[in-house]
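Each remark here refers to the structure printed beneath this line.
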Amino acid sequence: MAEHDPLRTPDDGSKMTRFSRTGAFWLLLVLMTALAIQFMRGQDQAAIEFTYTEFKAQLDSDNVLEVTIVASRRIEGQLRTPRIEDDREYQDFTTMLPGEISSELLADLEQRGVEISGELETRGWGTLLLGALPWLLFIAFWIWIFRTMQGGGNRAFQFGRSKAKLISPEAPKVTFADVAGADEAKT
Numbered sequence: 160m161a162e163h164d165p166l167r168t169p170d171d172g173s174k175m176t177r178f179s180r181t182g183a184f185w186l187l188l189v190l191m192t193a194l195a196i197q198f199m200r201g202q203d204q205a206a207i208e209f210t211y212t213e214f215k216a217q218l219d220s221d222n223v224l225e226v227t228i229v230a231s232r233r234i235e236g237q238l239r240t241p242r243i244e245d246d247r248e249y250q251d252f253t254t255m256l257p258g259e260i261s262s263e264l265l266a267d268l269e270q271r272g273v274e275i276s277g278e279l280e281t282r283g284w285g286t287l288l289l290g291a292l293p294w295l296l297f298i299a300f301w302i303w304i305f306r307t308m309q310g311g312g313n314r315a316f317q318f319g320r321s322k323a324k325l326i327s328p329e330a331p332k333v334t335f336a337d338v339a340g341a342d343e344a345k346t
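Under my numbering, the residues of the sequence shown are numbered 160 to 346, in order.
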């Protein structure tokens, strides 16, 4: 029967078991899943990028089914008949307006029976993460500081300090030759 070591933790001590129990593992797992979903959604919704002139040509040929005006500067829409480019079929399109949306363009869209909707600019995951990253790093740094302070010996601010000990010239120098063959310590 193996001896019981009171200092050893009950688990096998592998790095994976320690890592999987931390919140960082679960946070990383959720983040990777969210990024994978965002990537897959972006692949399905591939849209062709039109210049404003190409958009007007599609509108003049009555090939625009519906449009969504985003923040009065960008138009996202759907074509009646898909456009084939680079051996790929595109139903959705986007275009940037050269300025603010004009009343003439809105009237032209309404006259041609195009369904019109509008929405505000939405922020994606990237913008949210980029804004929150400095705060998350700051919080992680303070958590690390507090954990190292609890470790005993007040190690938190000693990460640059040498662990070498100074030797005093007055301290007695005992060598192995001095104690070799002794049965017990000298008093």
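All residues carry an ideal CB built from backbone N, CA and C; glycine is no exception.
- As computed with DSSP, Asp251 is found in a beta bridge with Gln237.
- Only buried fits Val223, as 16 or more other CB atoms lie within 10 angstroms of its CB.
- Residue burial annotation: Gln270 is exposed, with fewer than 16 other C-beta atoms found within 10 angstroms of its C-beta.
- Separation of Lys324 and Gly283 (C-alpha to C-alpha, rounded to the nearest whole angstrom) is 54 Å.
- Ranked by Cα distance from Tyr249, the first of Ala193, Leu238, Leu256, Gln217 is Leu238.
- Exposed is the label assigned to Phe305, since fewer than 16 other Cβ atoms lie within 10 Å of its Cβ.
- Residues Val229, Ala230 of the same chain have their beta carbon placed closer than 8 Å to that of Leu279, with the five preceding and five following residues left out of the count.
- Under the three-state reduction of DSSP, Val333 is assigned to coil, being neither helix nor strand.
- In the three-state scheme derived from DSSP, where H, G and I count as helix and E and B as strand, Leu186 is classed as helix.
- Around the C-beta of Val226, 16 or more other C-beta atoms lie within 10 Å, and the residue is accordingly described as buried.
- CA-to-CA, the gap between Ile207 and Thr253 works out to about 6 Å.
- Assigned with DSSP and collapsed to three states, Ile260 falls in coil, not helix or strand.
- With respect to the C-alpha of Leu186, the residue from Val333, Ala299, Phe209 having the closest C-alpha is Ala299.
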